[in-house]
Amino acid sequence: MLKRVTLLFLILTSGVCLANQILIPMDQTQTNHLKAYGLAYMLLKGDIEVDWLLNYRGGSFKVQYAKSIENECKLRAISYEVLSEAASSQIVSQISSPDVNMDVVKLFKAARIAVYSPIKISPAEFENTDAVLLVLKYAEIPFEVIYDEEILKGELPKYDWLHLHHEDFTGQFGKNLRRTTQTDIKAQEAIASRFGYTKVSKMKLAVAKSIKEFCAGGGFLFAMCSGAETFDIALAAEGLDIVDNLDGDGIDPDAQSKLDFDKTFAFYNFKLQLDDYEGMNFSDINSSAGRFRGWGENDAYFSLFDFSAKWDVIPAMLVQNHEHLVREFFGQTTAFSKYTVKPSVLVMGTSSSSDRYIYGELGRGQWTFYGGHDPEGRGGGGRRMPTDLNLYPNSPGYRLILNNVLFPSARKKKRKT
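Encoded structure:
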């Protein structure tokens, strides 16, 4: 009988070590920052709680020890440290000290992730042109791709987290018609017709308003590049015609003066650029000032703000990084002109010429806008080659995206300052 009890004990404890915690450091010692986020997401998906140690060694993760987790770290080439009970307690004690800018946030549940596809193209091509999809795939974080049909059918409540990137919500078909195929235009017109809209611009506005309702109801919205800029333009231009002859009639000549900035998330007092069909500019929200990679000889950088982990826990989560200067990268909407960002918006990343990374709240939900196309992309026109993230496993620019992916998993506190 004693032998049976002993054998059962050994089986039950085979995955547990006396050193009972695993620390995944996220400072310069980490070999693969991006895969570490994927591991954290996998654990949450398996109902395993993860501690996010804000500002401790670059925003490290800590989890109860299991041999299977250690093996997963090795498989994904993630740096890790096995901690004893005493060492783990010492870290927690250090973080809890009121004299240090650190805190522990518990992550409980993996967010259900949806990515809004701009056009019905092949999955492989789409995933090669969207930075968020590139990093989700690289980090091995599951997602679902949705489009206008799913949103108009009311399917957004199925998800916790929604990403927008390349889309033009104004109905101007990406602005530069030389880069928009007739197939794309006809596909959007067909969707609008099926749902009873006389114009693509009206259908896109309905989609934008549904996304706004999703966020106000408690969802998290993460938008990059032109997806952020045109989303706010569409909301401000509700009831106005800002599309040239593409939709069968002209632009409302008084459209600029009729914009309603109370309806937008982030931007106000911006000026539309309605006659720029040879270029790619929607408005003066987009700032291209500075010497971005591919445009000049030297790299330019934007800086992340240092928030209080104990008092301003939400922005502190969103800026966790091993570097606080991040290289600029361009896009159709490269960055946000400072004079168009509402005073109520929280700026988390900025340069001398523009704001790059901003946050706000709407109803019970939150949103983040991030300027630019690809954090490791190079400047230049035409079709871009997909970025190989095996070459950038420690990218601080891509880390900001993944901070947002984990953000809904936390029990969040309201900002106090």
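Going by my numbering, the sequence shown opens with residue 31, and the numbers climb by one from there.
Cβ atoms here follow ideal geometry from the backbone N, Cα and C, with glycine treated the same way.
- A residue is called buried once 16 or more other Cβ atoms fall within 10 Å of its Cβ, and glutamine 212, having fewer, is exposed.
- Around the CB of threonine 59, fewer than 16 other CB atoms lie within 10 Å, so the residue is classed as exposed.
- Scanning the segment 347 to 384 for uninterrupted alpha helix (DSSP H) segments of 4 residues or longer gives nothing; none is fully contained.
- Valine 349 and glutamine 94 have their alpha carbons spaced roughly 25 Å apart.
- The C-alpha of leucine 74 is placed about 15 Å away from the C-alpha of isoleucine 54.
- Distance from the CA atom of serine 231 to the CA atom of leucine 83, rounded to whole angstroms, is 44 Å.
- DSSP places glycine 395 inside the beta strand (DSSP E), whose first and last residues are 395 to 400.
- Here the segment 364 to 384 does not lie against the segment 116 to 134, with fewer than 3 beta-carbon pairs under 8 Å apart.
- Look at histidine 193 here: in three-state DSSP terms it is strand.
- Its Cα nearest to that of histidine 63, the residue Arg106 stands out among Glu391, Arg106, Lys97 and Asp77.
- Under DSSP, tyrosine 331 takes part in a beta bridge, and its partners are Arg357.
- In the three-state reduction of the DSSP assignment, valine 273 falls in the coil class, being assigned neither a helical nor a strand state.
- Here the C-alpha atom of glycine 393 lies approximately 43 Å from the C-alpha atom of alanine 116.
- For the options Val162, Glu243 and Asp57, the alpha carbon positioned closest to that of glutamine 396 is the one of Glu243.
- Following the DSSP letters along the chain, one finds tyrosine 95 in no alpha helix (DSSP H), marked with neither H nor E.
- In this structure the segment 188 to 195 does not touch the segment 218 to 226; the number of beta carbon pairs closer than 8 Å is below three.
- Counting every other CB atom within 10 Å of its CB across the protein chains shown gives alanine 246 a total below 16, marking it as exposed.
- In the structure shown, the three-state DSSP call for alanine 267 is coil.
- DSSP, read as helix, strand or coil, puts alanine 66 in helix.
- Taking every protein chain shown into account, the CB of asparagine 351 has 16 or more other CB atoms within 10 angstroms, so this residue is buried.
- In this chain, tyrosine 422 is not harboured by any alpha helix (DSSP H), its DSSP state being neither H nor E.
- Its chain contains Val356, Arg357, Phe359, Pro405 and Glu406 as the residues whose beta carbon lies nearer than 7 Å to that of glycine 427, once the 5 sequence neighbours on both sides are disregarded; these appear in chain order.
- Excluding its 5 nearest sequence neighbours in each direction, proline 128 has C-beta neighbours in its own chain below 8 Å: Lys340, listed in chain order.
- Straight-line measurement puts the Cα of aspartate 262 at about 8 Å from the Cα of lysine 293.
- If you draw a 10 Å sphere on the C-beta of valine 165, you find 16 or more other C-beta atoms in it, and that means buried.
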